[in-house]
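**Q** Before I ask anything, here is the structure I am working with.
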Amino acid sequence: MPEILIIEDSRDIVESIEYNLKKEGYRVAKAYDGQQGLKAAEEKTPSLIILDLMLPGIDGLEVCRRLKKNDKTATIPILILTAKGEESDKIVGLELGADDYMVKPFGMKELLARVRAILRRYENKKEPVSGIIKFSDLEIDPDRHEVKALNKPIELTAKEFQLLYHLAQNQGRAFSRDRLLDIVWGIDVAIETRTVDVHMRRLREKIGKAGKHLVTLRGVGYKFV
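Residue numbers for the sequence shown follow the UniProt record's numbering, so the first one is 1 and each next one is one higher.
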């Protein structure tokens, strides 16, 4: 069964989540601060990380940022679990690469349902890679998780890469913001669609002239041309 890493400073919450996850058959690893969590994630490469934002030392957002920048942990899905329920906090967490967001107090049945949904999504993504996508001014390599614009390497976040790669794979097809949220973030919570707009703006800035491929469809969403 998949192993799930819980990074949370409240031992009571950890014990409750651990108990219920083990009842479902999951293996569980635990860390009680950000530093321990980063170390455990790199050593164990779990199938999923449940991450609290309000951690002692290195806070949860910084932990998320470092996990997504580390090649060993960049593809591990993250479920943020926190008492911070502001819309801005949700957006920041998701933009850093988290896959879903729950606010304390939470129902254990809902948590388990989200865990199953995230793991199922990532299992479904394990498909044969269709290879490098090349254009005259843009190259996307899914195996190496690399992008080049005008032969210059471009550093993208995990979500930026997924967004660009999905659109390029479906060249000419229009996608609504809601659909892109569902495909790239896979979330079932109400998150503002401007999250997609922020990522598209950053993508265009990073890839420069190659950004002409990313077309905004007024009142619809985006497509790659």
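Positions of the beta carbon are idealized from the N, C-alpha and C atoms, including for glycine. What you are looking at is a predicted structure, and each value in this text was computed from that prediction instead of being measured.
SER136 by DSSP, collapsed to three states: which one?
**A** Taking the first residue of the sequence shown as 1, we reach residue 136 at position 136. Correct three-state label for SER136: coil.
**Q** Contact between the region 147 to 154 and the region 173 to 189 is defined here as three or more beta-carbon pairs at a separation below 8 Å; is this criterion met?
**A** No, they do not touch.
**Q** Under a Cβ-count criterion, where at least 16 other Cβ atoms within 10 Å of its own Cβ denotes burial, should PHE135 be classed as buried or exposed?
**A** Numbered from 1 along the sequence shown, position 135 holds the residue referred to as residue 135. Looking at its Cβ environment, which holds fewer than 16 other Cβ atoms inside 10 Å, PHE135 is exposed.
**Q** Decide yes or no for the touch test of the region 91 to 101 against the region 64 to 76: beta carbon pairs closer than 8 Å, at least 3 of them.
**A** Contact between the region 91 to 101 and the region 64 to 76 is present, because at least three Cβ pairs lie under 8 Å.
**Q** Can you tell me which of VAL103, ASP9, ASP99 puts its alpha carbon nearest to the alpha carbon of VAL115?
**A** On the sequence shown, residue 115 is found 115 positions in, with the first residue counted as 1. Answer by Cα proximity: ASP99.
**Q** If you count every other CB in all the chains shown that lies within 10 Å of the CB of VAL220, and 16 or more means buried, which is it?
**A** As a first step, residue 220 must be located in the sequence shown, where it is residue number 220. VAL220 is exposed by the Cβ-count criterion.
**Q** Between PHE175, LEU203, VAL196, which has its C-alpha nearest LEU156's C-alpha?
**A** On the sequence shown, residue 156 is found 156 positions in, with the first residue counted as 1. Checking every option, the nearest Cα to that of LEU156 belongs to LEU203.
**Q** As a quick exercise: from ILE80, ALA74, ALA41, LYS68, pick the residue whose alpha carbon is nearest that of MET54.
**A** Locating residue 54 in the sequence shown gives position 54, counting from the first residue. Taking only the C-alpha atoms, the option nearest MET54 is ILE80.
**Q** If the criterion is Cβ atoms closer than 8 Å, does the pair ALA174 and LYS223 meet it?
**A** Here residue 174 is taken as the residue at index 174 of the sequence shown, counted from 1. Here residue 223 is taken as the residue at index 223 of the sequence shown, counted from 1. Yes.
**Q** Between which two residues does the alpha helix (DSSP H) carrying MET102 extend?
**A** Taking the first residue of the sequence shown as 1, we reach residue 102 at position 102. No alpha helix (DSSP H) holds MET102; the beta strand (DSSP E) holding it covers 100 to 103.
**Q** If I follow the unbroken beta strand (DSSP E) through GLY221, where does it start and stop?
**A** As a first step, residue 221 is located in the sequence shown; it is residue number 221 there, counting from the start. Element bounds for GLY221: 221 to 224.
**Q** Can you check whether the CB of ILE78 is closer than 8 Å to the CB of GLY107?
**A** For the purposes of this step, residue 107 is taken as residue 107 along the sequence shown, with counting starting at 1. For the purposes of this step, residue 78 is taken as residue 78 along the sequence shown, with counting starting at 1. Not closer than 8 Å, so no.
**Q** Short check: CB of VAL103 to CB of ALA83, under 8 Å?
**A** Start at 1 with the first residue of the sequence shown, and residue 103 comes out as number 103. Start at 1 with the first residue of the sequence shown, and residue 83 comes out as number 83. Closer than 8 Å, so yes.
**Q** For PRO128, collect the residues of the same chain with a Cβ closer than 7 Å to its Cβ; drop the 5 residues on either side in sequence, then sort them by chain order.
**A** Counted from its first residue, the sequence shown places residue 128 at position 128. For PRO128, the predicted model reports a pLDDT of 46, less than 50, meaning its position is unreliable; a value from the coordinates is still stated below. No residues qualify anywhere along the chain.
**Q** Could you check which residue in PRO142, ILE58, ASP52 has the C-alpha nearest to that of GLN35?
**A** On the sequence shown, position 35 is the one that residue 35 refers to. When only C-alpha atoms are compared, the closest one is ILE58.
**Q** Along the chain, where does the alpha helix (DSSP H) containing VAL196 start, and where does it finish?
**A** Locating residue 196 in the sequence shown gives position 196, counting from the first residue. Looking at the DSSP string, the run of the alpha helix (DSSP H) that includes VAL196 is 194 to 207.
**Q** Please list the terminal residues of the continuous alpha helix (DSSP H) segment that includes LEU180.
**A** In the sequence shown, the residue the question calls residue 180 occupies position 180. That run of the alpha helix (DSSP H) goes 177 to 180.
**Q** Identify which residue in LEU21, LYS23, LYS22, ILE4 has its Cα closest to the Cα of ALA31.
**A** Here residue 31 corresponds to residue number 31 of the sequence shown, with the count starting at 1. Checked all of LEU21, LYS23, LYS22, ILE4; the closest Cα to ALA31 is ILE4.
**Q** To which residues of the same chain is GLU139 closer than 6 Å at the C-beta, ignoring the five residues directly before and after it?
**A** For the purposes of this step, residue 139 is taken as the residue at position 139 of the sequence shown. Within the same chain, GLU139 has close Cβ partners LYS148.
**Q** Do you know whose CA, among GLU8, ILE207, ALA210, LYS109, lies nearest PRO56's CA?
**A** Position 56 of the sequence shown, counted from the first residue, corresponds to residue 56. Here the closest residue by C-alpha is GLU8.
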